[in-house]
Amino acid sequence: MNTRHDTPVPDTTSLVAELRMNDTWNSRAVSELIRSKCRFGETPAFLFVGKKEADLLREHLAEVFGAESVATLHQTYYMGLEVVEIGCDSFLFTAGRKVVRTLQDPIARRPAWRDRETEAMWQLRI
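Heads up: the sequence shown begins at 946 in this note's numbering, then just goes up one per residue.
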């Protein structure tokens, strides 16, 4: 069952839309918006879209994946951001915070495991 979830967050009366779409989805403009909000290894986590932008995004994704694949945007990610439909006519806003953890991950800093006996057999000694 595909239902549209009208989420009242964010408050569209106090926030101004960051981007306006015309008659087609503008991937380049969305990409530039996301890049402009990336700082110090942090990126936005959510893409809030109004009804107009949700329809344009569905059309855009349907060209590649087929209309049956994008009947709803629930649990859909676009350019790494979770898409959230909100209950207003037209709105596009990126928000939230997602931290890139490649260098902070303790597993990434763990040294490679080596077997000393096996490695010693393969060392060339001069």
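The beta carbon of each residue, even a glycine, is placed where N, CA and C say it ideally should be.
Range of the contiguous alpha helix (DSSP H) that encloses residue i
i	result
Glu-1008	996-1010
Leu-1026	Here Leu-1026 belongs to no alpha helix (DSSP H); instead the beta strand (DSSP E) covers 1026-1030.
Leu-964	Element bounds for Leu-964: n/a, residue is neither H nor E.
Arg-984	Neither: Arg-984 is in no alpha helix (DSSP H) and is coded neither H nor E.
Residues bridged to residue i [DSSP beta-bridge criterion]
i	result
Ala-1040	Phe-991
Residue j beta carbon less than 8 Å from that of residue i
i	j	result
Lys-982	Thr-1021	no
Lys-997	Ser-959	no
Leu-1026	Ala-990	yes
Leu-964	Leu-978	yes
Burial state of residue i, where buried means 16 or more other Cβ atoms lie within 10 Å
i	result
Ala-1016	exposed
Phe-985	exposed
Arg-1003	buried
Phe-993	buried
Contact test: residue i Cβ vs the ligand ZN heavy atom, cutoff 7 Å
i	result
Leu-1026	In the structure on display, the ligand ZN does not appear, and there are no ligands present to speak of.
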